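The structure under discussion appears below in the form of structure tokens.
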Amino acid sequence: MTVLGPAPAEELTRLRAENAALRARMQHRDDELEVATRMLQARARTMTSVIDAVTEQSIIGTDVAGVIRVWNPGAERMLGLPRAAVVRRRSITDFHLPEELEDAGGGLAGLVRTAQEQGSDVRDWTYVAADGAELTVSVAVTPRTDDRGVHAGWNFVGTDMTEARATERMKDQFVSLISHELRTPLTSILGYLELVLDDPELGAEARAHLGTVERNAQRLLRLVGDLLFTAQVDAGRFSLQPADVDLAGVVRAAEETVRVTAAATGVEVVVDVPDGGLVVHGDAVRLGQACDNLVSNAVKFTPAGGRVTLALRSAWRTADGAVVEASRDDAVPVARLAVSDTGIGIPAGEQGQLFARFFRASTARRHAVPGVRLGLAITRAIAAAHDGTLEVASVEGRGTTSTLTLPL
Amino acid sequence: MPTAAPRVLVADDEDDIRALVGLAVRRAGCTVATEAADGTQALAAARTDPPDLAVLDVSMPGASGLEVCAALRADPATAGVPVLLLSAGASTDDVARGLAAGADAYLAKPFSVAGLVARVRELTSGVTA
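If you read the sequences in order, they're chains A and B. If you're matching positions, the first sequence starts at 32 in the working numbering and goes up one per residue. If you're matching positions, the second sequence starts at -6 in the working numbering and goes up one per residue.
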């Protein structure tokens, strides 16, 4: 006897139901697949549109042999060839100066060596465009992997630096132009003035007039020096000649420099330095310049009857930058020069701009105090180069205290 | 020993400064042997007729003062000529470059005439002594 299953009609119904369920599941999977495909396409489009939207940077992707597979509009623009003329047809090395690649070790290997060793590399390369033009391009090189994490090629993202590098060179040339072209006529002016002033027959009035000429020529010379120094600081090309420097001597010399001006304008200058001196390790010329700047500023901004105090002390600087009088275990010894005046002061709202080049406080403008306006920026650069600090505290109408702190 | 005044070569492309240096040279009791307006002229003059002192501007057309100085040092006939460099670049690097080229002294422009007179006297003192 055969065991029979459900009746054929029942069986059929069950199978139909199963079939319908299977179809429904398949449809669901289909829908899911379509959604996933659409999402992937959308993401690919987003990626492509991002890469295509980059018109100022060249984005070039290659396979492991250096054959170009990705070429964005930025690359088209920079190198003058459309995507169709390049992709799968040209190598990245075709757009480099052969001698530069040679210097780096030759071919693609030289181009990607650092990126291979360190994971990425950014440096200037010379790209050669379709018309033969040579461009200085800052290129970031990174390796590219495929979806299984296997090395699949290289990415080269380039920014055209031709203009920026040319501007840097122009600035350098401009600085030497200032140095040479302005100092040369000043050499003649000051040299011949010296000869004339040497003449014992020169009348008193003429001597006084020529003294004014000389003072102004010296002022012009200082301005040239300050501009030059500022440019050197910007370019990171300013070097110190370190030696042991007695700051007490530097402070006394600064007082001597302003003595005549201070006496003429009725400002009292008080020097308060340790009798035994205070020696720091630094550049005597630059520290003298910093000190002169602070003292001459103080005298300049103090009206008749006022007082300028130059107080030099040894002190301690804690890790958080605070300067304290008493010795502490967590602090390093420093020299602190405080230049205080009873002058016109700087409004609180303007004190943040003090170190900006060419900045002038409204109080200075109102009182018509002349100035080159480079002094504080230069003084702070000198302080920083000595691992020191410069701080300015001021109350409008009451006075200003500039504090220079240098490690001992 | 020669008793005549020491003879000085003065090289600078600026006429006014050449005249100023010439004046200082005469104030120092020397004579101006040759005035040169560029480095090539200065070197040719020094080779033809070695002076007792060469005062050279660093930045000149033709050959720079540094190049002239190095060329003088390299030639046995002029290797002993004292060289005073004048330069409008006043940084310590400039001084170092000047001394590396074999200069005996270096003055930054603008220089004081009295200072120049003193240096010229000092560098030619062996000649008249």
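Every residue, glycine too, gets a C-beta built ideally from N, C-alpha and C. Note that this is a predicted model, so its numbers are computed, not measured.
- Just checking my contact of Gly443(A) with Thr394(A) at CB under 8 Å: how many whole Å lie between their CB atoms? Residue numbering for chain A in the displayed model covers 32 to 439; residue 443(A) lies beyond these limits and cannot be assessed.
- So what does His127(A) bridge to, in DSSP terms? His127(A) is bridged to Tyr158(A).
- Query: Would you call the CB atoms of Leu131(B) and Pro75(B) closer than 7 Å?
  - Reply: Nothing in the structure corresponds to residue 131(B), since chain B is present only between -6 and 122.
- Item | DSSP-derived helix/strand/coil call for Ala416(A) | Reduced to three states, the DSSP call for Ala416(A) is helix.
- Mind listing the chain B neighbours of His18(A)? Cutoff is C-beta to C-beta under 8 Å, in chain order. Here chain A covers residues 32 to 439 and nothing more, so residue 18(A) does not appear.
- Are the beta-carbon atoms belonging to Val298(A) and Thr261(A) less than 7 Å from one another? Between Val298(A) and Thr261(A), the C-beta gap is not smaller than 7 Å, which leaves the two residues out of contact.
- Query: Is the closest heavy atom of the ligand MG to the C-beta of Gln384(A) under 6 Å?
  - Reply: Of ligands this structure carries none, so the ligand MG is not represented either.
- CB contact check: Asp6(B) to chain A, cutoff 7 Å: Taking a beta-carbon distance threshold of 7 Å, Asp6(B) does not count as an interface residue toward chain A.
- Message: Counting only C-beta atoms, is Gly430(A) closer than 7 Å to chain B at any point?
- Response: Cβ-Cβ to chain B under 7 Å: no for Gly430(A).
- Quick one: any contact between the stretch 360 to 379 of chain A and the stretch 337 to 344 of chain A, if contact means 3 or more CB pairs under 8 Å? Judged by pairs of C-beta atoms under 8 Å, the stretch 360 to 379 of chain A touches the stretch 337 to 344 of chain A, as three or more such pairs exist.
- Message: Taking CB distances under 7 Å as the criterion, tell me whether Leu217(A) reaches chain B.
- Response: Yes, because at least one Cβ of chain B sits closer than 7 Å to the Cβ of Leu217(A).
- Less than 8 Å between the CB atoms is what I'm expecting for Cys322(A) and Ala285(A), so what's the real figure, rounded? Right, the Cβ-Cβ distance comes to about 4 Å (below 8 Å), so this counts as a contact.
- Task: Kindly indicate which residue of Arg179(A), Asp277(A), Thr432(A) and Leu407(A) has the alpha-carbon position closest to the one of Arg439(A).
- Result: For the record, residue 439(A) in the displayed sequence is Leu; it is not Arg. Cα-wise, what sits closest to Leu439(A) is Asp277(A).
- Item | Straight-line gap, Thr436(A) to Ala107(B) (C-alpha atoms, nearest Å) | As the crow flies, the alpha-carbon of Thr436(A) is around 38 Å from that of Ala107(B).
- Item | Exposed unless 16 or more other CB atoms sit within 10 angstroms - verdict on Gln320(A) | With 16 or more Cβ atoms within 10 Å of its Cβ, Gln320(A) is classed as buried.
- Ala29(B) classed as buried or exposed, judged by whether at least 16 other C-beta atoms fall within 10 angstroms: Flag for Ala29(B) reads buried.
- Ala39(B) and Ala47(B) closer than 7 Å at C-beta: Result yes, Cβ atoms of Ala39(B) and Ala47(B) sit closer than 7 Å.
- Item | Nearest neighbour of Ala(-3)(B), chosen from Val61(B), Arg112(B) and Val25(B) [CA to CA] | Of the candidates Val61(B), Arg112(B) and Val25(B), Val25(B) places its Cα closest to the Cα of Ala(-3)(B).
- Query: Which residues does DSSP pair with Pro438(A) in a beta bridge?
  - Reply: In the DSSP secondary-structure assignment, Pro438(A) is bridged to Val365(A).
- Could one say the Cβ of Gly69(B) lies closer than 7 Å to chain A's Cβ atoms, at least one of them? Going by the sequence as given, residue 69(B) is Pro instead of Gly. False, the Cβ-Cβ gap to chain A never drops below 7 Å.
- Item | Straight-line Cα distance separating Leu271(A) from Gly58(B) | The straight-line gap from Cα to Cα measures roughly 25 Å.
- Return yes when the Cβ of Leu49(B) is within less than 7 Å of the Cβ of Val61(B), no when it is not. Taking 7 Å as the cut-off, the beta carbon of Val61(B) is found closer than this to the beta carbon of Leu49(B).
- Item | Spatial neighbours of Ala122(B) in its chain, beta-carbon cut-off 6 Å, leaving aside the 5 residues before and after | With a pLDDT of only 40 at Ala122(B), under 50, the local geometry of the prediction cannot be trusted, and no value is derived from it.
- Check the Cβ of Ser105(B) against every Cβ in chain A and list those closer than 9 Å, keeping chain order. Near Ser105(B) (Cβ distances below 9 Å), the residues of chain A are Leu221, Gly222 and Glu225.
- Message: So Arg214(A) contacts chain B; which residues on that side make the cut at Cβ distance below 7 Å?
- Response: Result: Ala81, Lys102 and Pro103.
- Message: Buried or exposed, going by whether 16 or more other CB atoms sit within 10 Å of the CB of Phe205(A)?
- Response: Counting of Cβ neighbours within 10 angstroms places Phe205(A) among the exposed residues, the total staying below 16.
- Task: Just confirm the distance between the C-beta atoms of Leu166(A) and Asp191(A), as a whole number of angstroms; I'd bet it's less than 8 Å.
- Result: Their Cβ separation, rounded to whole angstroms, is 6 Å, which keeps Leu166(A) and Asp191(A) in contact under 8 Å.
- Message: Against chain B, which members of the stretch 239 to 270 of chain A pass a CB distance test of less than 7 Å?
- Response: Within the stretch 239 to 270 of chain A, the qualifying residues are Leu252 and Ser270.
- Query: So what's Phe187(A) in DSSP terms, helix, strand or just coil?
  - Reply: DSSP places Phe187(A) within a strand segment (E or B) once states are collapsed to three.
- Task: Find the residues of chain A that neighbour Leu16(B), judging by a C-beta separation of less than 8 Å, and give them in chain order.
- Result: Proximity of chain A to Leu16(B) at the Cβ level (cut-off 8 Å) is accounted for by Leu226, in chain order.
- Item | Entirely enclosed alpha helix (DSSP H) segments - the stretch 209 to 281 of chain A, minimum 4 residues | Those alpha helix (DSSP H) runs which fall completely within the stretch 209 to 281 of chain A and span 4+ residues are 214 to 229 and 235 to 265.
- For Thr349(A), which residues from the same chain have a beta carbon less than 7 Å from its beta carbon, with the 5 sequence-adjacent residues on both sides left out? Cβ within range, chain order: Val355, Arg359, Asp361 and Ala362.
- Expressed to the nearest angstrom, what Euclidean distance is found between the alpha-carbon atoms of Ala63(B) and Asp87(B)? Distance between the alpha carbons of Ala63(B) and Asp87(B): 15 Å.
- Item | Length at least 3, wholly inside the stretch 68 to 124 of chain A: the beta strand (DSSP E) runs in chain order | Whole beta strand (DSSP E) segments, 3+ residues: 88 to 94 and 99 to 102.
- By Cβ distance below 6 Å, which residues in the same chain neighbour Val304(A) in space, the five residues on each side in sequence not counted? By the criterion of a C-beta distance shorter than 6 Å, Val304(A) is surrounded in its chain by Ala279, Val282 and Leu343, once the five residues flanking it on both sides are discounted.
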